[in-house]
Amino acid sequence: MLGALSFSSPALLLALAGLVGLYFIIRALPSEPRERRFPAIRLLRDIGPADPPPMRTPPWLWLLRLLAAGLLILGLAGPVLDRSDDLAGTGPVLLVLDNGWQAAARFDDRRTALDRLAQKAARAGRGVRLITTAPPPGGWTGGADAALADATTAAQLSARLADLSVRPWSPEPEPVARRIDAALDRGEIAAGGAVYYLSDGLAHDRSDRLLATLARAGRLTVLTDAPTRPTLGLRGVERTGAALTATLVRPPRGFEQSVTLHAQGADGRLLAEATARFAPDARTATARVELPPALRNEVRRLHLADQASAGTTLLLDARAVRPDVGLVGAGVTPLRSPLFYLSRALEPFAAVRQGEIAGLIDDGVAMLMLADVGEVAAQTRRRLGDWIDQGGVLIRFAGPRLANADDGLLPVRLRSGDRAFGGALSWSEPQALGPFPDDGPFAGLDPGGRVTVTRQLLAVPSADLAGKTWAQLTDGTPLVTAERRGGGWLVLVHTSANPDWSNLVLNGVFVDMLKRLVTLAEPGQRALAGQGPERLVPLQSLDGFGRLGPADPRVAPLSLAQLDQTPAGPLHPPGYYGPEGAALALNLMGPAGPIDDRFRLDDLDAETEPLLAATRGDRALAPPLLALVAVLLAVDGLVGLWLRGRLGVPGRRWRPGAAAMLALVAGIAMIAGGRPAAAQDAPGDDRLDDAYALHATEATRLAYVTTGDPEVDALSRAGLVGLGRVLTLRTAVQVGAPQAVDPAQDPLMLFPLIYWPVPEGGGGLGPAAQARLNAYLRGGGIVLFDTGAGSGPIGIDTGDGTRLRALLDGVDVPPLMAVTSDHVLARSFYLLRRFPGRLSDTTLWVERGTERADGGVSPLIVGRADWAAAWAVDDQGRYRVASLPGGTQQREMALRFGVNAVMYALTGTYKADSLHLPTVLERLGE
């Protein structure tokens with residue numbers, strides 16, 4: 005290595021010694037004789053004096069050839085100009101990598117950084133040692149400490165990078181720190197060397213200990229992602245009625261951020277999506293997914309579309325299905341009927357049906373609630389018994405009819421009649437609800453002090469009565485009793501389901517008790533009924549990127565009883581456990597964690613640099629050197645042709661040395677002055693910001709131009725969000741969150757389609773914006789101009805186009821024509837004849853000549869329809885403009901136009917291409 009210059013193949017530099025011998029060979033070889041045709045005698049007088057061909061190669065020519073040979077050898081040696089800091093120390097470079105799920109979103113960047121650092125070490129003649137901080141499956145081997153990888157070469161490390169994986173759990177810094185400390189104490193790792201920590205940018209348990217250890221090991225450089233791309237986490241999901249509400253977390257950031265949550269079925273179909281918005285400085289955001297009950301029960305996976313990892317993926321199983329609860333009783337009269345109170349209490353977390361017992365069983369309900377239903381008929385009683393044995397849950401509420409019934413469908417024997425409190429003939433005051441037993445389903449609920457019971461059904465005392473009691477009054481008499489029957493349950497509430505016998509139904513604890521009872525009927529519990537303490541064998545596991553795959557056979561089974569108390573981690577990775585068809589999900593987010601209600605993402609407390617900063621200064625010199633060799637060889641060839649008389653120029657005498665030098669200088673200037681073409685090389689463009697470009701291109705994004713009017717800008721964003729949802733549900737296109745752009749500052753070429761509202765009072769564009777817009781339109785971008793935010797007709801060469809003409813003054817705008825149903829835009833996805841938005845009477849304009857199949861794609865689409873208002877939805881997915889003049893049909897046509905516009909921007913004139921028509925017709929004939 006020569007200062008900042010190093011070579012990937014330094015052995016090739018030995019060939020430079022051969023230039024001495026090449027010099028003598030080239031010098032000794034004479035130039036090829038020039039061939040002349042003998043002219044007629046009368047033409048001899050026109051032949052001017054000519055210099056004879058040289059006997060030896062001219063000095064300028066052999067210098068040219070020696071220079072080409074030397075540059076070829078240097079180029080093949082792989083020179084690299086390393087302008088970054090030199091590596092500290094002399095031993096192997098220590099590379100420490102966070103490979104928990106938090107690093108999954110941009111793990112390719114980490115692989116690239118590792119590879120570049122390894123090549124940097126190789127050029128310095130040093131090895132590398134890679135240590136990962138996330139434990140392998142099964143935990144750290146050989147005890148609590150992490151394994152320390154052996155030193156290896158850059159080539160060996162580069163070969164291993166493809167197999168380097170992200171773990172579906174968090175890093176564990178402390179065992180790694182202990183192991184490095186021990187290696188430093190034994191001299192296994194030499195202190196004072198170069199240390200690079202490729203961090204996920206987050207603070208983990210005892211991250212400070214690891215940082216202190218790495219600083220002890222040598223000169224530490226911490227590399228992480230840019231703060232504009234924070235790690236996200238899915239903290240939990242709650243069922244609220246027919247909706248799923250997800251809570252998302254991120255580290256503290258001072259900017260707004262929108263992310264998309266996808267709900268998928270077991271077959272991978274996208275069932276719904278929702279948007280969560282982080283306010284500036286907010287650490288949490290929520291996304292609410294609303295679905296019809298039938299689709300709601302099909303959801304088996306929730307994940308963030310913007311950032312895939314095990315920490316942003318939630319697997320659902322049969323326990324997440326809202327169970328069907330059948331109600332049987334007399335009427336639903338408000339404030340009187342027991343069914344009124346039961347249905348109101350159950351609706352937020354169960355699908356409620358009413359009917360007769362036999363019909364509800366035929367409908368497949370998981371739970372039946374009988375409110376003061378007396379003696380059940382013998383035939384129905386037999387069906388109920390079979391249904392309970394197969395996992396059904398029967399809950400009965402007391403009342404005057406049940407007081408004198410004895411049909412065998414009760415968990416305990418009852419005394420005849422009922423017991424009354426507080427009446428004129430009573431012997432006691434009304435009784436309050438007592439504490440719930442610790443081993444029952446209501447454990448942990450607060451009975452409060454306001455629930456009183458004035459009438460109840462008394463159980464006949466027995467030896468097993470205490471074991472069957474799930475709730476009792478303060479005097480010890482049972483209020484709720486239960487008994488297991490086959491695979492199901494029999495439950496009796498000893499008071500009524502209306503306020504006649506108690507005020508229980510008027511208290512919030514009643515809803516909490518019903519929630520606990522409904523869990524008995526969840527399909528997952530019914531499918532596994534009777535398995536008891538059996539072990540759940542791992543079926544499928546999530547990897548660090550949130551992808552499901554076959555479970556590792558080394559993963560230990562789970563205890564069914566301990567499923568909800570087992571945290572997902574190296575011993576039990578997140579995934580599905582149990583028999584196929586009845587497997588239960590274990591997630592990172594759950595009651596046992598590691599992601600729970602207190603989970604948060606905090607930034608690492610350390611000075612950090614961008615992930616690729618350590619090798620950003622490296623520049624390979626081989627390409628320009630080899631390009632210069634090609635120029636020199638071309639010059640040598642031209643000179644050779646000239647010396648042989650093949651490039652004579654009438655009337656001119658060229659000096660070959662001057663010509664060669666001129667060509668050489670021109671070639672060097674062309675190489676030195678050249679630079680890579682930018683994505684958008686327009687006047688006034690700044691260098692493209694890497695973070696902005698990565699954010700804009702990590703998903704296909706539609707953009708909208710900000711106008712300075714907050715209401716118009718908010719409507720534009722909401723419109724593109726609504727259009728994006730329709731695209732995801734109806735097409736194969738999945739778009740990310742919309743991006744706001746300022747034509748004067750932001751690069752436009754990153755977006756296939758830009759929605760540009762033109763409200764009243766807008767001015768023209770500045771020189772920088774004009775240059776960017778012209779470059780975007782010439783480069784294949786499409787802008788949808790919408791003047792519907794104001795009034796008056798539009799058009800550049802039609803009608804009064806004052807606003808749009810003023811806006812586009814200085815922009816290269818082609819002649820426009822009205823769109824017909826034959827235009828590609830009208831049939832890029834849907835077949836359209838009209839293109840309405842919030843306004844229905846509109847004409848659509850595109851570039852003239854694009855109606856033909858070979859006419860290309862129009863860079864401008866112009867209309868006055870206020871499409872964003874027709875597309876716009878709020879956070880709950882409701883349309884912000886509730887009604888349009890043409891009703892739902894007009895909105896549907898507006899959405900279809902939006903789909904067509906996006907497909908037109910992505911596929912161009914594909915639908916107009918008739919190239920494949922003969923083949924299609926031939927196949928149809930077959």
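Per my numbering, the sequence shown runs over residues 5 to 930. Ideal Cβ placement from N, Cα and C applies to all residues, glycine included.
Inset, instruction - Report the option in L75, T136 and D212 whose CA atom is closest to the CA atom of D607. - result: Taking the first residue of the sequence shown as position 1, residue 607 is located at position 603. Measuring from the Cα of D607, the nearest candidate turns out to be D212.
Inset, instruction - Leaving aside the five residues before and after A270 along the sequence, list all residues of the same chain whose C-beta is less than 6 angstroms from its C-beta, in chain order. - result: The count along the sequence shown starts at 1 and reaches residue 270 at position 266. Only R304 meet the Cβ criterion.
Inset, instruction - Drop a sphere of 10 angstroms on the beta-carbon of D845, count the other beta-carbons inside from all chains shown, and report buried for 16 or more, exposed for fewer. - result: In the sequence shown, residue 845 corresponds to position 841, counting from 1. It is exposed - the Cβ of D845 has fewer than 16 other Cβ atoms within 10 Å.
Legend entry - At least 3 beta-carbon pairs within less than 8 angstroms: the stretch 348-359 vs the stretch 375-392: no
Inset, instruction - Measure how close the beta-carbons of G315 and G205 come, nearest whole angstrom, since I'm counting them as under 8 angstroms. - result: Along the sequence shown, one-based indexing puts residue 315 at 311. Along the sequence shown, one-based indexing puts residue 205 at 201. No, G315 and G205 are not in contact; Cβ-Cβ is about 14 angstroms, not under 8 angstroms.
Inset, instruction - Provide the residue span of the alpha helix (DSSP H) that contains I365, from first to last. - result: The residue given as residue 365 occupies position 361 in the sequence shown. Here the alpha helix (DSSP H) through I365 covers I361 to D366.
Legend entry - C-alpha gap between Q893 and R900, whole angstroms: To locate residue 893, count along the sequence shown from 1; it is residue 889. To locate residue 900, count along the sequence shown from 1; it is residue 896. Looking at the two C-alpha atoms, the distance is approximately 10 angstroms.
Inset, instruction - Count the other CB atoms, across all protein chains shown, that sit within 10 Å of the CB of R734; report buried if there are 16 or more and exposed otherwise. - result: As a working note, residue 734 is residue 730 in the sequence shown. That one is exposed.
Legend entry - Buried or exposed by the 16-neighbour rule on C-beta atoms within 10 Å, applied to Q106: As a position in the sequence shown, residue 106 is number 102, starting the count at 1. With 16 or more Cβ atoms within 10 Å of its Cβ, Q106 is classed as buried.
Inset, instruction - Taking 8 angstroms as the cut-off, decide whether the C-beta atoms of L590 and G579 are in contact. - result: As a first step, residue 590 is located in the sequence shown; it is residue number 586 there, counting from the start. As a first step, residue 579 is located in the sequence shown; it is residue number 575 there, counting from the start. In contact: L590 and G579 (Cβ atoms closer than 8 angstroms).
Legend entry - Y759 (DSSP reduced to helix, strand or coil): For this step, residue 759 is matched to residue 755 along the sequence shown. Three-state DSSP puts Y759 in a strand.
Legend entry - Cα-Cα separation between V484 and R400, rounded to whole angstroms: Along the sequence shown, one-based indexing puts residue 484 at 480. Along the sequence shown, one-based indexing puts residue 400 at 396. One C-alpha to the other measures close to 10 angstroms.
Legend entry - Whole-Å CB distance - S174 paired with G104, under 8 angstroms assumed: Residue mapping note: residue 174 aligns to position 170 of the sequence shown, counting from 1. Residue mapping note: residue 104 aligns to position 100 of the sequence shown, counting from 1. Rounded, the Cβ-Cβ distance is 4 angstroms, consistent with contact.
Legend entry - P451 and G471 closer than 8 angstroms at C-beta: Here the question's residue 451 lines up with position 447 in the sequence shown. Here the question's residue 471 lines up with position 467 in the sequence shown. Taking 8 angstroms as the Cβ cut-off, P451 and G471 do not qualify as a contacting pair.
Inset, instruction - Quick one: using the 10 Å Cβ neighbour count with 16 as the cut-off for buried, is E851 buried or exposed? - result: On the sequence shown, residue 851 is found 847 positions in, with the first residue counted as 1. Classification for E851: buried.
Legend entry - Bounding residues of the beta strand (DSSP E) (the contiguous stretch that carries W871): Here residue 871 corresponds to residue number 867 of the sequence shown, with the count starting at 1. Looking at the DSSP string, W871 is not in any beta strand (DSSP E); the run it does join, the alpha helix (DSSP H), is W871 to W875.
Inset, instruction - Please go through the same chain and pick out, in chain order, the residues whose beta-carbon is closer than 7 angstroms to the beta-carbon of G147, but skip the five residues on each side of it. - result: Translated into positions along the sequence shown, residue 147 becomes position 143. Model confidence at G147 stands at a pLDDT of 46, short of 50, so the residue's coordinates are unreliable and nothing is read from them.
Legend entry - Limits of the beta strand (DSSP E) - the one that D113 falls within: Working through the sequence shown from its first residue, we reach residue 113 at position 109. Counting along the chain, D113 falls outside any beta strand (DSSP E), though it belongs to the alpha helix (DSSP H) covering F111 to R127.
Inset, instruction - Just grab the DSSP bridge partners of W64 for me. - result: Counting from 1 along the sequence shown, the entry for residue 64 is found at position 60. DSSP output for W64 lists no bridge partner at all.
Legend entry - Contact check, S262 vs A741, beta carbons under 8 angstroms: Residue numbering aside, residue 262 sits at position 258 when the sequence shown is read from its first letter. Residue numbering aside, residue 741 sits at position 737 when the sequence shown is read from its first letter. For S262 and A741, yes; Cβs fall inside 8 angstroms.
Inset, instruction - Could you say if the stretch 264-278 and the stretch 210-226 meet the contact criterion of at least three C-beta pairs nearer than 8 angstroms? - result: no
Inset, instruction - Compare the C-alpha of R856 against each of G444, T847, V828 and D879 and name the closest. - result: One-based indexing of the sequence shown puts residue 856 at position 852. Looking at the Cα atoms, V828 is the closest of the given residues.
Legend entry - Top-ranked residue by Cα proximity to T847, from A718, R868, S862 and D479: In the sequence shown, the residue the question calls residue 847 occupies position 843. Among A718, R868, S862 and D479, the Cα nearest to that of T847 is on R868.
Inset, instruction - Can you tell me the Cβ-Cβ gap for A909 and L757, rounded? I've got them flagged as a contact below 8 angstroms. - result: Position 905 of the sequence shown, counted from the first residue, corresponds to residue 909. Position 753 of the sequence shown, counted from the first residue, corresponds to residue 757. Contact flag correct, Cβ pair sits at about 4 angstroms.
Legend entry - Span of the alpha helix (DSSP H), counted from its first residue to its last, around R721: Stepping through the sequence shown from its first residue, residue 721 is reached at position 717. That run of the alpha helix (DSSP H) goes P714 to R734.
Legend entry - Unbroken alpha helix (DSSP H) run spanning W391, endpoints: Counted from its first residue, the sequence shown places residue 391 at position 387. Start and end: A382 to D393.
Inset, instruction - Using the Cα positions of L308 and T317, report the straight-line distance between them to the nearest angstrom. - result: Numbered from 1 along the sequence shown, position 304 holds the residue referred to as residue 308. Numbered from 1 along the sequence shown, position 313 holds the residue referred to as residue 317. C-alpha separation (whole angstroms): 7 angstroms.
Inset, instruction - With DSSP collapsed to three states, give me the class of H827. - result: As a position in the sequence shown, residue 827 is number 823, starting the count at 1. DSSP places H827 in coil when its eight states are reduced to three.
Legend entry - Helix, strand or coil at V815 according to DSSP, with G and I counted as helix: Your numbering for residue 815 matches position 811 in the sequence shown. V815: coil per DSSP, three-state reduction.
Inset, instruction - Using three-state DSSP, classify P284 as helix, strand or coil. - result: Looking up residue 284 in the sequence shown gives position 280. P284: coil per DSSP, three-state reduction.
Inset, instruction - Using three-state DSSP, classify D212 as helix, strand or coil. - result: One-based indexing of the sequence shown puts residue 212 at position 208. In this structure, D212 counts as helix in the three-state DSSP scheme.
Inset, instruction - Report back the beta-carbon spacing between A486 and V495 to the nearest angstrom; my notes put them in contact at under 8 angstroms. - result: Mapped onto the sequence shown, residue 486 falls at position 482. Mapped onto the sequence shown, residue 495 falls at position 491. A486 to V495, Cβ: 4 angstroms. Contact.
Legend entry - Local conformation of I184 per DSSP, three classes: Position 180 of the sequence shown, counted from the first residue, corresponds to residue 184. Looking at I184 - three-state DSSP - the assignment turns out to be helix.
Inset, instruction - Just mark Q160 as buried or exposed, buried being the case when its beta carbon has 16 or more other beta carbons within 10 Å. - result: The residue given as residue 160 occupies position 156 in the sequence shown. By the 10 Å Cβ count, Q160 comes out exposed.
Inset, instruction - Would you mind working out which of P761, R729 and V739 sits nearest P933, comparing C-alpha positions? - result: Nothing about residue 933 can be reported from this structure: the residues present for the chain run from 5 to 930 only.
Inset, instruction - Mind listing, in chain order, the continuous alpha helix (DSSP H) runs of no fewer than 4 residues lying wholly within the stretch 290-318? - result: 297-300
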